[in-house]
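Each remark here refers to the structure printed beneath this line.
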Amino acid sequence: MGSEQPWTAGPGEASLSAADTCSGALPHRGPSDPGSSRRTHTLALTLPGLVYCCGANRAGQLGLNRVDEKGRFNICSVPALRVLGVSFISCGEAHSAVLTKGGQVFTFGEGSRGQLGHNASANELLPKLVEGMDGLASQIACGSHHTLVLGSSGQLWAFGSGVKGQLGTGVTEGCLRPTSVLLKRDSGGAATVIHNDMKISVGWNSNFIYTAESSEREPPIGRLDKAKLQKWLSMEQGNSEAQREISLMFSTSSSLVANFTKTSEIPQAAGALTVDLEAASQVFDQLLNIPWIRKSINIEPLVDNICSSAAVIKSPEIFMLLPTISLLHEDLSVMKMVLALSIVIVEHLNDTAIKTLKEWWSSMETNIMTKHILMWKNALSFMLRNGLLATHNPGVKFLLEALKYLHRANKRAGRTQEVPASTFYVEEINNSVLLLEDVNLWRFWSTREDTEVTPVIFCRYPFVLSLICKMAIFNSNALFTKEIHKLAHRLTVMCPSGTFPDNPESPPAPVFQLTLRRPSLIEDTFRQLGAADHDYFQRELVVRFVEDMKLSLVNKRDFFLHVFEELLAPESEMFMYNDTKTLVWFPAKPRVEEKSYFLFGVLCGMALYNHNIVHLPFPLALFKKMVGVKPSLEDLREFDPVVGGSLRYLLEDYTDDDVEENLDMTFTVIWDDQKVELDPKETGKPVTSFNKKQFVDAYVNLAFNQSAEKVFEEFRRGFFKVCDRDVVELFQPEELRGVMVGKEDYDWDTLKQNTVYDGEYHARHPNIITFWEAFEELTDDQKKAFLLFLTGCDRAPILGMDKIQMKVAILQNSTELHFPESLTCHFLLLLPIYPSKEMLLARLKEAVAHNRGFWKE
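So for the sequence shown, this note's numbering puts the first residue at 873; every next one is plus one.
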């Protein structure tokens, strides 16, 4: 059909000659054709079905719902085509056509000759469905001003200009809507045309119809052929063809991405990740486990190419794939590739690409997220191990910034996909950095603008600091502050009276001393804390009891143990309790003065500052708020499982109809025995499917923020009078709770293995063997009571039971009538010798039940 006359045509029909069945030299595009263009505009189709465009757009041929007199010189996506599931595209001189996976045809652009098939000559700025064709379409092709559509049944349709006979209708008139074209063979062709093998292709004013000799379907362009993969994996030694194919697969970012693009009949949402990271990760691991394949893969040129084109990258899928390649986790890859990739991501990617990556990072499965983290973390560890911090300061910063992106994405991932915080820890920092110096640099540069010479400051990236490292920073900072107070005291004592006008005649000691009566513990504590200069809170704490004025570290442990026990008892009336009486929170209407919460905060700060684990049965929400993290529904579920569980059920399980019809809920709730309107502007506002998230968010906000805002702020103010806020905020909420409260993860075997013996005692001593046999017979609660008896705390340290080394010695001058004793400051158990296990067990139970026996109730 058309001016080149390769067909013989009669009225309303086109005839196919025998010579035309040779398809090898004729142009055709398969269903995964990468693009289509004419003289002035171009459309490109990606494997996931996204369409990109550039070029002329005077008639709306780019489908962007606009015209551009000068055209578009930058490549952009076509939003209107995202939801259609496009499988093929074709371009005319100023019009475009797309075929969807569902067999529909949409056209847009210039319509003056009817080439859009909408029974009109108007231009279309957005894709519009072509109607009037029976059945589904299987192929499309655009000429300069005409369009062909091949139906799945073998029926050919044409519309647009026919001035050169290109419509095959037997006349030179154009058609504004699809017109059926009759196909037949001429006298030289004996075989019947099979429509499944039929192909169409269009020139400027001409058309070609031909059949393929082979009925075998070729694999989609670019996608990994599973049969070929299995062939590679089964080969003991690769041949030149296999090596070339594997090398080609890793040669460019487009080829690597194409191999793992997802296949889906359902259109992908805008911005959705279209590569199968799980499949890619598995294939990479399989390939790199085979020596000859490993030698065939060289990704350095690929990384170099990415670095040189970073600024113009539109779809950054390659950055999702690369960290799943184990080669990039090796030391040899750090300096040439991983470091370069960190610079690209942090410095050179455009804002759109970074925004897309952030969304994709947040959606990764935990195993893929872990691989991403490990690539950057291993590179950072390599640089620290090899002393490259001083010489490659900027590079270390880029690696830290890349890890920061992943850490933030991990926080957004949600509870089911979030990897543990410890995955980010870089253990080499403990050995590579003077922690106190890092804290000093951190504070020094916090008040200055960063420059090129600003050193790496790890405290700016607390997520890479292990818990041991953070505790060392906190303890070093506290010790430094205490030493400053001691130094100031010594200088004051050495100088004559009057040298410093502000100094008193007799300078106070460089400690903060509490002198307390055991029966009036809270009264004395609050009175002395309230009267003290707040600067004294950061001094060394000394506790004396009037009943026994000896100074001892035991006093401090005793003090924190019993003062928190009394403050958190219901009789103190300072807190509200959950239904099971296992957790406490700040009350909506406090029954004690607000100053008490300030002093309670001071006590909590002093416990942490002086390395004492204390009893704080608060939900994680408390520790979140202390480090600036917003409480969530999960925290309400911890505090009140019934209410929190109901709210989760409302959000996640109830259908929209169920909310209105069955729940009959309003924004009026009861909290701490008080009726509260969650929406003060509308009393009794009903909960609907449209506002249920607002309702849940308001409930959580009421519980942990609004209801107790004043008393919590007093508590926080008191806490940070003792502890430096910036150092405390290095901790994750879970870490801070563990450091302050310990954990209920008891490993009694470790306690036994770490125990040392003094004097006559040794591991095989009969009395020691009897002791451990008796210890095994204690209940879990009695074992926890023993830990309290030994250490002054019934919870295990956050770093584990191996941080407790019990020492056992004979209680001097004792008989079988004496009870075991302990020195909690030294974890020392003084154990008399008993004639039988029964007597030892009875004496041990009695001793731990009375909590050391020297606290006078």
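Even glycine gets a Cβ: it sits at the ideal position worked out from N, Cα and C.
Item	Value
Whether GLU1445 touches VAL1474 by CB criterion (8 Å)	no
Assigned exposure category for VAL1435 - 16 Cβ within 10 Å defines buried	buried
Assigned exposure category for SER1125 - 16 Cβ within 10 Å defines buried	buried
CA-to-CA distance, VAL1414 to TYR1469, given in whole angstroms	22 Å
Whole-angstrom distance between VAL1583 and VAL1456, CA atom to CA atom	14 Å
Whether VAL1568 touches ILE1485 by CB criterion (8 Å)	no
Whole-angstrom distance between ARG1320 and LEU1313, CA atom to CA atom	11 Å
For GLU996, three-class secondary structure by DSSP	strand
Neighbourhood of ASP1598 by C-beta distance below 7 Å, restricted to the same chain and skipping five residues each side	none
GLN1400 (DSSP reduced to helix, strand or coil)	helix
DSSP three-state assignment for LYS1134, whether helix, strand or coil	coil
ASP1451 to THR1555 span [Cα, whole Å]	27 Å
Three-way DSSP call (helix, strand, coil) for VAL1600 in this model	helix
First through last residue of the alpha helix (DSSP H) which encompasses LEU1508	1505-1511
Backbone CA spacing between ALA1479 and PRO1462 [nearest angstrom]	24 Å
Segment contact, 8 Å Cβ cut-off, at least three pairs: the stretch 1401-1418 with the stretch 1629-1646	no
Alpha-carbon spacing of ALA1144 relative to ALA1183, whole angstroms	21 Å
As assigned by DSSP and simplified to three states, the class of PRO1558	strand
Residues bridged to ILE1012 (per DSSP)	VAL1021
CYS1331 (DSSP reduced to helix, strand or coil)	helix
Rounded distance between the beta-carbons of SER1198 and SER1119, thought under 8 Å	About 18 Å separates the two Cβ atoms, so there is no contact after all.
Pair within 8 Å by beta-carbon distance, TYR1333 and LEU1272	yes
Run of the beta strand (DSSP E) containing THR1083, from where it starts to where it stops	1079-1083
From LEU1702, ASN1563 and VAL1216, residue whose alpha carbon lies closest to that of PHE1661	LEU1702
ASN1563 versus GLY1286 - alpha carbon distance	21 Å
contact_flag[the stretch 978-996, the stretch 1043-1054] where n(CB pairs < 8 Å) is 3 or more	yes
Outcome for ARG1257 when other beta-carbon atoms lying within 10 angstroms are tallied against a minimum of 16	exposed
Contact check, ILE1676 vs LEU1623, beta carbons under 8 Å	yes
Which residues DSSP lists as bridging HIS913, in chain order	GLY927
Exposure of LYS1547, with buried meaning 16 or more beta-carbon neighbours within 10 Å	exposed
Outcome for SER1010 when other beta-carbon atoms lying within 10 angstroms are tallied against a minimum of 16	buried
MET1498 and VAL1572 closer than 8 Å at C-beta	no
Test item: CB-CB of PHE1432 and PHE1447 under 8 Å	no
Under 8 Å between C-beta atoms of SER1016 and GLU965	yes
Check: LYS1547 C-beta below 7 Å from any heavy atom of the ligand COA	Absent from the structure shown: the ligand COA. Ligands present: none.
Straight-line Cα distance separating PHE1658 from HIS1634	20 Å
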